[in-house]
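Going by the numbering used here, the sequence shown runs without a break in its numbering and finishes at 298.
This report refers to the structure that appears directly beneath it.
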Amino acid sequence: MKKDTSFQWFFDNKARSDGQYNSNTGSGILRIKRVTKADKGFYKAVVSDDRGEDITQLDLTKEAFDDILKELARISILSASPLKVQPTVEGIKIYSEVKYYTDAMKTTWYHNDKRLEGGDRLKIGTTVDQLWLHILDPKESDRGKYTLDLTDGKETRKLTTDLSGKAFDDALAEHQRLKQAAIVEELRAKVVRGLPDVATIMESKTLCLTCIISGDPYPEITWYKNEKVITFKDRYKMEVKGTVITITIENVSSEDTGRFSILVKNKWGSETGKVTVSVYEQGDEPKELKGEPPSV
3 MKKDTSFQWF FDNKARSDGQ YNSNTGSGIL RIKRVTKADK GFYKAVVSDD
53 RGEDITQLDL TKEAFDDILK ELARISILSA SPLKVQPTVE GIKIYSEVKY
103 YTDAMKTTWY HNDKRLEGGD RLKIGTTVDQ LWLHILDPKE SDRGKYTLDL
153 TDGKETRKLT TDLSGKAFDD ALAEHQRLKQ AAIVEELRAK VVRGLPDVAT
203 IMESKTLCLT CIISGDPYPE ITWYKNEKVI TFKDRYKMEV KGTVITITIE
253 NVSSEDTGRF SILVKNKWGS ETGKVTVSVY EQGDEPKELK GEPPSV
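Right, dumping it as structure tokens:
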């Protein structure tokens, strides 16, 4: 093909920007990552140069599109992995991995041969490569055999896992561990946001450093300068307004240059936020601005 050749994909007469064209081979490809009913329609490729244009079309509005969905469903069913059990913060997840899920693939979950429906404690869903059942807040009554039926109307597979005895005990114990760890992470003392990596200020000015903390119970707060505890008096002041912590240094001088850090701590854990303060003299430039300008 000529170098000035133009290639464009269209779907239902609307240009598609996600198509690919290789000028060396002359091939044009349109990849649809996840086929749904919204992809049903007319596809057209238009190639043109100074000699004119040529068009090729594909009608995916009727049986041809349904056949594609059925074939994808068949491939997906055959690719389904054995059921796997994954403890989560919320409960216990049972799932199968597939190459590709489509709407033409029907899934039904069973517990001890009783059909399951989604509800407050049972969540059933799919992603492009996974079919899953999520048991929230698992209880003793959730022990037993779980089965996933897969069908496309012709091809059928039945996947089963035994979630009873030690298998259930282990999954429940890991769920409880993850849940407790999540609670601790939520409650532990943290520096949420606010402190920059570097704060540069001219001497004689007032420096304010503000950060936001969290934790329950409310954390103990300690500020450090060069790893020594700061005593707040004279030019150094600290203001606490709920979760907003501000340290103010009045009339800054070169003596205030250094590494500042805030340590917040409660019974669940601790965290440190750090900032480097750089003070420059009046009429001078901030240290990071000295030197040759960056090349363009």
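We put the beta carbon where it would ideally sit given N, CA and C, even for glycine.
Since the model is a prediction, treat every value here as computed from it, not as a measurement.
- Counting only the Cα atoms, Lys-168 lies some 41 Å from Thr-274.
- When only Cα atoms are considered, Lys-227 and Ser-263 end up about 7 Å apart.
- By the C-beta criterion, the stretch 77-91 is judged to be in contact with the stretch 152-168, since at least 3 inter-stretch pairs fall below 8 Å.
- Secondary structure note for Arg-53: it is in no alpha helix (DSSP H), with a DSSP letter that is neither H nor E.
- Between Glu-205 and Glu-287 a beta carbon distance of about 13 Å is seen, past the 8 Å cut, so the two are scored as non-contacting.
- Taking the C-beta atoms as reference points, Gly-196 is found nearer than 7 Å to Cys-213.
- Under the three-state reduction of DSSP, Ile-70 is assigned to helix.
- When beta bridges are read from the DSSP output, Ile-223 appears opposite Val-266.
- With a cutoff of 7 Å on beta-carbon distance, Leu-124 and Leu-133 are scored as not near each other.
- DSSP links Asn-24 through a beta bridge to Ser-29.
- Glu-241 is bridged by DSSP to Thr-248.
- In this structure Pro-140 does not touch Gly-217 by the C-beta definition: roughly 29 Å separates them, more than the 8 Å allowed.
- Judged by DSSP secondary structure, Phe-170 falls within the alpha helix (DSSP H) whose first and last residues are 168-189.
- Ranked by how close their Cα comes to the Cα of Gly-43, the residues Glu-222, Glu-55 and Leu-60 have Leu-60 in first place.
- At the C-beta level, Arg-76 and Asp-154 come within 7 Å of one another.
- Under the criterion of beta carbons closer than 8 Å, Val-281 and Val-254 qualify as touching, at roughly 5 Å.
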